[in-house]
Amino acid sequence: VVWVVWCCASAWCAGSLCVVLWRRYLQVPALLVLCDDDARTLSYSRQGVPTVAVCLPPDVVAKMFLHKLSSNTTQTEQIPSSLARVLDGKSTLSGQLEILDDLLASSNTTLADMMMSHAPNCDEDMIIKCRYQKRMVPCQQLFEKRLTYWGVCCVMRPDKLLPKFNKGLVSKSHTMQSLELVLQCKRGFYPTVCQFLTYYKGEEWVQPIILHPRHYYMAHLVFTLIPDESTSLVETACSHDPDYSRTRCILHCAEKSCGCRDPLYMNRNSDTDLPVCSTARLICLRSFDRMQ
1 VVWVVWCCAS AWCAGSLCVV LWRRYLQVPA LLVLCDDDAR TLSYSRQGVP TVAVCLPPDV
61 VAKMFLHKLS SNTTQTEQIP SSLARVLDGK STLSGQLEIL DDLLASSNTT LADMMMSHAP
121 NCDEDMIIKC RYQKRMVPCQ QLFEKRLTYW GVCCVMRPDK LLPKFNKGLV SKSHTMQSLE
181 LVLQCKRGFY PTVCQFLTYY KGEEWVQPII LHPRHYYMAH LVFTLIPDES TSLVETACSH
241 DPDYSRTRCI LHCAEKSCGC RDPLYMNRNS DTDLPVCSTA RLICLRSFDR MQ
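So the sequence shown is numbered by the UniProt record's numbering: it starts at 1 and just counts up by one.
See the structure below:
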């Protein structure tokens with residue numbers, strides 16, 4: 001199975017132009033389905049369409065709302081970079097994050113609320129055009145603004161794409177899938193980088209790809225499955241819990257160890273009795289993930 005992802009950024013668009021083309025060549029389409037009892041999910045898995053997410057980096061979003069919390073730019077200058085580092089699980093000093101917590105508390109708001117309010121919407125502000133199988137589709141119906149582990153992202157779910165727009169397309173051309181997106185990432189009038197992710201249900205430790213304006217990107221994802229081979233890593237007799245994820249399991253352990261829940265990512269296994277972590281407390285929570 002071969003997927004080709006091609007991203008490019010162009011100067012003639014006011015920001016970043018990203019065209020993402022998936023090309024899928026299938027010998028045995030059924031091999032894409034790995035032990036999922038949900039019939040609806042099975043139909044999507046067979047088509048091989050991943051979840052797609054486009055995000056502004058959290059430090060860019062922070063720069064959009066900090067002036068609403070404080071007019072003292074000297075005090076808040078280092079907050080965006082500190083926030084980006086802690087969300088990425090990197091070491092950072094707590095001083096700037098404690099200042100951010102105080103500013104949020106004095107304004108009676110939260111980090112999640114401020115990021116959701118000031119991140120761009122998933123329309124012409126960020127995702128300009130969408131085309132699936134050579135047919136234009138409304139981006140607003142495919143993407144929704146959502147809090148994720150990586151910050152506020154425009155997330156497209158495969159189940160939004162396939163039932164409505166896929167009729168008659170895959171049946172005629174089941175060996176190739178194409179999704180094209182035109183992205184415009186900017187802060188105010190100035191172009192900035194985008195974070196771009198694709199992932200499948202159950203995929204672990206996904207990291208975003210950074211797309212820079214006026215650059216071209218090409219990536220290939222290739223994997224092979226030979227179920228009849230004696231050395232195959234896939235055991236067809238195995239059964240598993242479709243809701244299990246090692247990532248979610250470790251996040252649950254991190255929340256118990258640090259005594260609070262992630263303010264951005266609502267883990268399905270979270271203990272709702274735990275308080276939401278302050279921004280400074282994310283130093284414990286996010287670094288715990290990296291240590292595992």
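The beta-carbon is built from N, C-alpha and C at its ideal position, and this holds for glycine as well.
Original post:
Sorted by chain position, which residues of the same chain lie with C-beta nearer than 6 angstroms to residue 304's C-beta, five sequence neighbours on each side aside?
Top reply: In the structure displayed, the chain extends from 1 to 292; residue 304 sits before or after that span and is not available.
Subject >> Minimum C-alpha distance to residue 72 - residue among 103, 93, 98 and 54 >> reply: 103
Subject >> Inter-residue Cα distance where the pair is residue 110 and residue 260 >> reply: 15 angstroms
Original post:
DSSP beta-bridge partners for residue 65?
Top reply: According to DSSP, which records beta bridges pairwise, residue 65 is partnered with nothing at all.
Subject >> Of the listed residues 140, 105, 134 and 107, nearest to residue 125 (C-alpha basis) >> reply: 140
**OP:** Using beta-carbon positions only, say whether residue 299 and residue 277 come within less than 8 angstroms of one another.
**Re:** Residue 299 is absent from the structure shown; the chain starts at 1 and stops at 292.
Original post:
Grouping DSSP H, G and I as helix and E and B as strand, with all else coil, what is residue 156?
Top reply: strand
Subject >> Close beta carbons around residue 80, own chain, < 6 angstroms, minus the five adjacent residues each side >> reply: 59, 62 and 63
**OP:** For the segment 91 to 99 and the segment 118 to 133, state whether three or more C-beta atom pairs, one from each stretch, are separated by less than 8 angstroms.
**Re:** no
**OP:** Kindly list the residues whose CB is nearer than 7 angstroms to the CB of residue 284, restricted to its own chain and excluding five residues on each side of it in sequence; keep chain order.
**Re:** 258
Subject >> Proximity to residue 198 [Cα-Cα], best of 191, 190, 189 and 210 >> reply: 210
Subject >> Supposed close pair residue 101, residue 280 - CB separation, criterion 8 angstroms >> reply: 6 angstroms
Subject >> Among 112, 200 and 184, nearest to residue 52 - alpha-carbon criterion >> reply: 200
**OP:** Flag this pair as yes or no: are the beta carbons of residue 76 and residue 70 separated by less than 8 angstroms?
**Re:** yes
Subject >> Backbone CA spacing between residue 275 and residue 252 [nearest angstrom] >> reply: 13 angstroms
Subject >> For residue 208 and residue 108, the rounded distance between their alpha carbons >> reply: 31 angstroms
Subject >> Where the alpha helix (DSSP H) through residue 131 begins and ends >> reply: Run containing residue 131: none in the alpha helix (DSSP H); it sits in the beta strand (DSSP E), 127 to 132.
Original post:
Between the C-alpha atoms of residue 57 and residue 189, what's the straight-line distance to the nearest angstrom?
Top reply: 16 angstroms
Subject >> Pick from 148, 118, 150 and 149 that is closest to residue 65, judged by C-alpha positions >> reply: 118
**OP:** Determine the direct distance from the alpha carbon of residue 120 to that of residue 37, and round the result to whole angstroms.
**Re:** Its pLDDT being 35, under 50, residue 37 is placed unreliably in this model, and the value from its coordinates should be taken loosely. Cα to Cα, the separation comes out at about 36 angstroms.
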